[in-house]
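Numbering (this note's numbering), first residue to last: 2 to 172.
By construction, the Cβ of each residue, glycine as well, lies at the ideal position given by its N, Cα and C atoms.
These numbers come from a predicted model, not from an experiment.
Structure first, then comments.
As structure tokens, this is what we get:
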């Protein structure tokens, strides 16, 4: 009996930590992530910053806007900037501190090194709450570019994979 009481007490003590991690309907979230790379002589350097704002439609459903800005500095050339802005919808599984998600996004890509066009694709990711309102996130996106609706079907197989890691906050 003593063992059952201790186990029950331990589980009850952990419940606030487990339950506190999941956002509620109406909660908002922001994320920030980044990446970079250079060649061995630092003659060609790329930096990328990604941020998002979203709002939970339910404890599992999140919609929002995601912005990415890339800067490429190549020796002998001026810095080139590219960006993409997209609307996304993600569905989160589970209710604990660790929550995988799947989703989709659609938007536009623009900048110095790309033709301005539309982009869309699926995404998959993972969030882990390290505190009640703070989480670490990792995501992989598949993006394909298209100029019109009929072009989208033809271009789906010509996409690229994008990977990101970052930090997020619920409020």
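Quick check on the DSSP output: the beta strand (DSSP E) that includes residue 105 runs from which residue to which? As a first step, residue 105 must be located in the chain shown, where it is residue number 104. Segment 99-112, the beta strand (DSSP E) holding residue 105.
Taking a contact to mean a Cβ-Cβ separation below 8 Å, would you say residue 32 touches residue 167 in this structure? Numbered from its first residue, the chain shown carries residue 32 at position 31. Numbered from its first residue, the chain shown carries residue 167 at position 166. Contact: yes.
Rounded to the nearest angstrom, what separates residue 57 and residue 27 at their Cα positions? Stepping through the chain shown from its first residue, residue 57 is reached at position 56. Stepping through the chain shown from its first residue, residue 27 is reached at position 26. Each residue's Cα considered, the two are about 5 Å apart.
Am I right that residue 141 and residue 126 are in contact with their C-beta atoms under 8 Å? What's the rounded C-beta distance? Counting from one through the chain shown, the residue named residue 141 turns up at place 140. Counting from one through the chain shown, the residue named residue 126 turns up at place 125. At roughly 7 Å, the Cβ-Cβ gap stays under 8 Å, so residue 141 and residue 126 are in contact.
Is residue 165 buried or exposed, if buried means 16 or more other CB atoms sit within 10 Å of its CB? On the chain shown, position 164 is the one that residue 165 refers to. Buried, because 16 or more other Cβ atoms sit within 10 Å of the Cβ of residue 165.
Beta bridge counterpart(s) of residue 126 as assigned by DSSP: Within the chain shown, numbered from 1, the residue matching residue 126 stands at position 125. Per DSSP, 102 and 140.
Suppose the cutoff is 8 Å on Cβ atoms and the five residues either side in sequence are ignored; what does the same chain contact list for residue 108 look like? Along the chain shown, one-based indexing puts residue 108 at 107. Hits under 8 Å: 67, 85, 86, 87, 88, 119, 120 and 121.
Can you name the start and end residues of the beta strand (DSSP E) that residue 159 belongs to? Here residue 159 is taken as the residue at index 158 of the chain shown, counted from 1. Segment: none, residue 159 is in no beta strand (DSSP E) and carries neither H nor E.
Does DSSP classify residue 70 as helix, strand or coil? Position 69 of the chain shown holds residue 70. Correct three-state label for residue 70: strand.
Just checking my contact of residue 60 with residue 23 at CB under 8 Å: how many whole Å lie between their CB atoms? Within the chain shown, the letter at position 59 stands for residue 60. Within the chain shown, the letter at position 22 stands for residue 23. Indeed, because the Cβ distance is near 6 Å, the residues count as touching under 8 Å.
Exposed unless 16 or more other CB atoms sit within 10 angstroms - verdict on residue 102: As a first step, residue 102 must be located in the chain shown, where it is residue number 101. With 16 or more Cβ atoms within 10 Å of its Cβ, residue 102 is classed as buried.
Beta-carbon separation of residue 82 and residue 135 under 8 Å? Taking the first residue of the chain shown as position 1, residue 82 is located at position 81. Taking the first residue of the chain shown as position 1, residue 135 is located at position 134. Not closer than 8 Å, so no.
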